[in-house]
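Those sequence lines, one after another, are chains A and B. Going by the working numbering, the first sequence opens with residue 18, and the numbers climb by one from there. Going by the working numbering, the second sequence opens with residue 94, and the numbers climb by one from there. The beta-carbon is built from N, C-alpha and C at its ideal position, and this holds for glycine as well.
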Amino acid sequence: MNDILAIFIEAAALTLLYSTPYLYAAIGELFVQRSGVLNLGVEGMMLMGAFTAIYAISPDGLGFHPLVGVLFAAAVGALMGLAAAVVNVTFQAEQGISGIGFSLFGLGLSSLLFKVLAGGVIVARGFDPIFIPVLSDIPIVGRILFQQNVMVYAAFALVPISVWVLNRTRWGLQIRAVGQNPAAADTMGVNVVRVRYMTLILGGALAGIAGAALSTALTGIFQENMTEGKGFIAVALVYFGGWSPWRVMGGALLFSVANNLQIWAQIYDLRIAGTPIPPNLLIMVPYILTIAVLIFARQRRRLEPAALTKPFQRGEN
Amino acid sequence: MAVSSKNRMGGDWWAAVMPLLATAVAFALALLVGAFVLLALGADPIQAYAALLDGAFGTSTNLLRVFTRSTPLLLVAIGVCIAFRGGVINIGAEGQLFVGAVTATAFSLAFANSLPPFTVGFLTLLVGTLAGAAWGAVPGFLKARFDVNEILSTVMMNEIAIQLLLFLLSGPMIDPAQVAQGTRVPQSARLPEVAWLLELDSRSALHIGVLIAIAMAVVAWIVLWHTTIGYRIRAVGQNKDAARYAGISVRRYITLAMTLSGALAGLAGAVHVQGAEHRMVEGFAVGYGFSGIVVALFGRLHPLGAIPAAFLFGVLLVGADKMQRTVQVPTATVIVLQGLVVIFVVSSDYFVRRWLARRAARAIQAPAAAPVVKQEAGV
Numbered sequence: 018m019n020d021i022l023a024i025f026i027e028a029a030a031l032t033l034l035y036s037t038p039y040l041y042a043a044i045g046e047l048f049v050q051r052s053g054v055l056n057l058g059v060e061g062m063m064l065m066g067a068f069t070a071i072y073a074i075s076p077d078g079l080g081f082h083p084l085v086g087v088l089f090a091a092a093v094g095a096l097m098g099l100a101a102a103v104v105n106v107t108f109q110a111e112q113g114i115s116g117i118g119f120s121l122f123g124l125g126l127s128s129l130l131f132k133v134l135a136g137g138v139i140v141a142r143g144f145d146p147i148f149i150p151v152l153s154d155i156p157i158v159g160r161i162l163f164q165q166n167v168m169v170y171a172a173f174a175l176v177p178i179s180v181w182v183l184n185r186t187r188w189g190l191q192i193r194a195v196g197q198n199p200a201a202a203d204t205m206g207v208n209v210v211r212v213r214y215m216t217l218i219l220g221g222a223l224a225g226i227a228g229a230a231l232s233t234a235l236t237g238i239f240q241e242n243m244t245e246g247k248g249f250i251a252v253a254l255v256y257f258g259g260w261s262p263w264r265v266m267g268g269a270l271l272f273s274v275a276n277n278l279q280i281w282a283q284i285y286d287l288r289i290a291g292t293p294i295p296p297n298l299l300i301m302v303p304y305i306l307t308i309a310v311l312i313f314a315r316q317r318r319r320l321e322p323a324a325l326t327k328p329f330q331r332g333e334n
Numbered sequence: 094m095a096v097s098s099k100n101r102m103g104g105d106w107w108a109a110v111m112p113l114l115a116t117a118v119a120f121a122l123a124l125l126v127g128a129f130v131l132l133a134l135g136a137d138p139i140q141a142y143a144a145l146l147d148g149a150f151g152t153s154t155n156l157l158r159v160f161t162r163s164t165p166l167l168l169v170a171i172g173v174c175i176a177f178r179g180g181v182i183n184i185g186a187e188g189q190l191f192v193g194a195v196t197a198t199a200f201s202l203a204f205a206n207s208l209p210p211f212t213v214g215f216l217t218l219l220v221g222t223l224a225g226a227a228w229g230a231v232p233g234f235l236k237a238r239f240d241v242n243e244i245l246s247t248v249m250m251n252e253i254a255i256q257l258l259l260f261l262l263s264g265p266m267i268d269p270a271q272v273a274q275g276t277r278v279p280q281s282a283r284l285p286e287v288a289w290l291l292e293l294d295s296r297s298a299l300h301i302g303v304l305i306a307i308a309m310a311v312v313a314w315i316v317l318w319h320t321t322i323g324y325r326i327r328a329v330g331q332n333k334d335a336a337r338y339a340g341i342s343v344r345r346y347i348t349l350a351m352t353l354s355g356a357l358a359g360l361a362g363a364v365h366v367q368g369a370e371h372r373m374v375e376g377f378a379v380g381y382g383f384s385g386i387v388v389a390l391f392g393r394l395h396p397l398g399a400i401p402a403a404f405l406f407g408v409l410l411v412g413a414d415k416m417q418r419t420v421q422v423p424t425a426t427v428i429v430l431q432g433l434v435v436i437f438v439v440s441s442d443y444f445v446r447r448w449l450a451r452r453a454a455r456a457i458q459a460p461a462a463a464p465v466v467k468q469e470a471g472v
């Protein structure tokens with residue numbers, strides 16, 4: 018009995034840890050979409066962030082403190098977000114395709130830098146867990162919630178912060194106005210282009226941090242295409258969460274569980290009728306889940322930004 | 094009146110050329126940014142690009158190899174064009190190609206001996222095409238019926254296909270020889286020779302598939318612009334509401350466009366395994382699906398435009414191998430270039446649209462302005 022409880026506690030703690038890349042990327046994408054832009058380049062921005070962070074902190078790379086690595090990753094992501102803003106907002110490109118371009122670019126450049134700068138192998142010791150005084154001593158809950166590393170705490174703190182920013186600040190109001198009715202917002206003196214530039218830069222920075230979490234806080238390594246579609250899943254999570262940060266968080270946790278099925282199956286040697294479950298079939302689960310989730314997400318469209326994917330041109334809308 | 098009609102003709106000529114010009118400029122800019130990336134990596138960009146060209150055009154075998162590599166790209170791109178014209182963005186070509194290839198492989202390994210030999214090649218192509226069509230039909234149906242974003246669902250279908258492929262190649266479909274040797278490299282057995290496509294040149298592995306691909310481009314062009322089905326697909330793609338008022342079943346044609354798109358990607362997979370590789374291995378045709386999207390975009394979403402575009406990207410792919418050997422730059426450079434091409438081409442549309450809008454505004458102005466327009470067009 019104690020064994021099962023111990024396994025459950027470990028699994029729950031791991032679920033929180035593994036949900037962080039989804040959470041950072043999806044919250045960033047949520048801001049972008051609430052302002053009426055679809056950024057499909059998240060995948061590429063995550064990959065660039067993942068490599069940047071681990072290269073910055075690895076002793077074989079630059080050897081900085083892990084937090085500096087995260088900062089670098091955010092800066093690289095923000096830069097790609099700025100580029101995405103130029104393409105999507107100023108040049109009013111088809112957002113579905115331009116995002117694929119940024120994802121390809123990030124995939125290529127991160128692989129390239131990985132080979133050239135790191136020689137194809139890089140490892141780093143990332144973040145140590147921080148035990149929150151008193152709270153971490155609570156049985157069960159303490160181990161699950163309060164013995165995590167700083168990237169986990171920050172990711173979950175981001176959720177209420179983003180709710181507050183979106184619903185209680187002037188900037189949040191501008192974002193929502195620009196996403197719902199850019200022409201009206203423009204008439205009211207809101208700079209539509211500026212708001213969308215800022216959300217895309219923020220979304221890029223958070224995607225970069227998401228990549229940093231993946232490489233430094235979760236795995237301690239970088240591999241080519243290590244995100245394996247997580248950036249696209251993050252975009253899907255925004256639809257799934259109906260553009261609400263709390264529900265996006267729920268989705269991130271759900272996907273973390275799905276993502277870890279295959280790890281647990283190996284660790285605990287799960288079998289069906291005596292034969293081990295082929296890992297490839299378990300790896301499919303999050304992707305199948307994404308499609309299922311998108312089918313049901315259409316019922317939650319109350320908050321869907323009316324101007325999503327529509328470029329703004331003063332005098333035309 | 095004669096003057097104004099001449100103006101319009103001259104204008105139309107420019108309207109056709111401007112997008113091509115913009116695409117060419119976008120490509121040049123992508124290469125320029127790529128050159129800076131190479132510089133930053135410590136490689137001489139001129140030497141790198143020279144090696145790339147030499148790798149593609151240096152010998153006749155290399156040039157033929159370009160055609161071999163271009164073949165699946167062209168087939169994928171034609172499919173992507175059809176989907177785009179129907180208003181759906183098919184990012185799932187990669188998965189549809191895998192599924193087509195692996196199904197074709199399984200079919201030919203299972204049934205080659207029990208079928209008349211001269212039918213095996215054709216039937217294998219057909220089965221691969223149908224498998225790709227089925228894999229494409231799923232996101233098409235989900236978009237049509239449940240309004241599921243097709244970009245996301247096709248990306249997920251790609252990941253599922255990759256895992257399915259790995260599962261099949263390391264388990265049920267693994268090469269018996271690998272099991273016997275105990276090495277268990279994830280790959281299928283060699284396709285029976287009756288399923289191979291006619292080889293045109295042995296050193297470059299050029300096969301009849303290149304002609305199939307060009308023929309399919311022509312067929313797709315005829316279907317899209319000269320048949321009722323094609324007209325309806327394009328009508329749905331241009332304006333769903335208008336198409337609905339015209340009595341066209343929008344759901345059916347969205348599903349159809351995606352199914353046809355998947356069929357061509359499946360055909361690309363079958364052609365590539367039957368013509369070039371002759372077996373499925375891990376990493377088979379990786380990236381072809383995404384490159385095919387870039388090709389379609391670069392061909393300005395026209396099946397015939399995809400022909401030269403596929404050739405150009407075949408040059409990039411074949412040349413990149415030589416570039417890697419000569420200047421020690423990883424082949425991932427080509428992925429960077431592809432990403433840049435996509436970004437620059439979609440951005441260039443903005444300038445084309447603005448130019449067209451300005452021209453339209455000028456045309457609306459007083460007829461007295463006509464001679465001025467003529468003068469400008471002549472410059």
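Distances from the alpha-carbon of B/R296 to those of B/R158, B/V130, B/Y443, B/I175 put B/R158 closest. In this structure, A/Q112 sits near A/L57, with a CB-CB distance shorter than 9 Å. By the Cβ rule, the stretch 213 to 230 of chain B does not count as touching the stretch 227 to 234 of chain A, because fewer than three pairs are nearer than 8 Å. By the CB criterion at 9 Å, A/A224 and A/V59 fall inside the cutoff. Contact with chain B is absent for A/R331, since none of that chain's Cβ atoms lies less than 9 Å from the residue's Cβ.
Annotation for B/G355: Q189, G225, A226, W228, G229 place their beta carbon closer than 6 Å to its own, counting only its chain and skipping 5 residues before and after.
For B/M250, at least one C-beta of chain A is nearer than 9 Å to its own C-beta. For the C-beta of A/P322, not a single chain B residue is nearer than 7 Å; the gap to the nearest is close to 14 Å. Chain B places a beta carbon closer than 9 Å to that of A/K132, counting this residue as a contact. Taking every protein chain shown into account, the CB of B/G214 has 16 or more other CB atoms within 10 angstroms, so this residue is buried. Partner residues in the beta bridge of B/H300, as assigned by DSSP, are B/E292. Using a 10 angstroms sphere on the CB of B/S153, the tally of other CB atoms stays under 16, which defines it as exposed.
Here B/P269 is exposed, its C-beta having fewer than 16 other C-beta atoms within 10 Å.
In the pairwise beta carbon analysis, the stretch 114 to 129 of chain A is classified as not touching the stretch 71 to 84 of chain A: fewer than three pairs are separated by under 8 Å. Contacts with chain B (Cβ-Cβ distance below 7 Å) from the stretch 108 to 133 of chain A involve F108, Q109, A110, E111, G113, I114, S115, I117, G118, F119, L121, F122, L124, G125, L126, S128, L129, K132, V133, listed in chain order. In this structure, B/P396 sits away from B/I182, with a CB-CB distance that is not shorter than 9 Å.
Under DSSP, A/T292 takes part in a beta bridge, and its partners are A/I289. The three-state reading of DSSP puts A/Q109 in coil, since its state is none of H, G, I, E or B.
Each residue's CA atom was taken as its position, placing B/L122 and B/Q280 some 40 Å apart. In the DSSP assignment, B/H365 falls within the unbroken alpha helix (DSSP H) covering 343 to 365.
Judged by DSSP secondary structure, B/T217 falls within the alpha helix (DSSP H) whose first and last residues are 210 to 239.
CA-CA distance, B/S246 to A/T307, rounds to 8 Å. Annotated three-state conformation of B/Q280 is strand, per DSSP.
Bounds of the alpha helix (DSSP H) holding B/I255 are 243 to 263. Using beta-carbon distances, B/S354 does not count as an interface residue toward chain A, since no partner is under 9 Å. At a cut-off of 9 Å, the C-beta of A/I312 has a neighbouring C-beta in chain B. Secondary structure at A/I157: coil, using DSSP grouped into helix, strand and coil. Taking CB atoms only, B/L218 has no neighbour in chain A less than 9 Å away. Its Cα nearest to that of A/A100, the residue B/F437 stands out among B/R446, B/F437, B/Y443. In the structure shown, A/I226 adopts helical secondary structure according to DSSP, grouped into three states. Under the criterion of beta carbons closer than 8 Å, B/M373 and B/L449 do not qualify as touching, at roughly 46 Å. Contact residues of the stretch 247 to 260 of chain A toward chain B are F249, V252, A253, Y256 (C-beta to C-beta distance below 7 Å). A/N277: member of the alpha helix (DSSP H) spanning 262 to 284, first to last residue. Of the residues assessed, B/H300 falls on the buried side of the cut-off, its CB having 16 or more other CB atoms within 10 angstroms.
Taken in chain order, the members of the stretch 53 to 72 of chain A whose beta-carbon sits within less than 8 Å of a beta-carbon on chain B are L57, G61. Around the beta-carbon of A/G136, fewer than 16 other beta-carbon atoms lie within 10 Å, marking it exposed.
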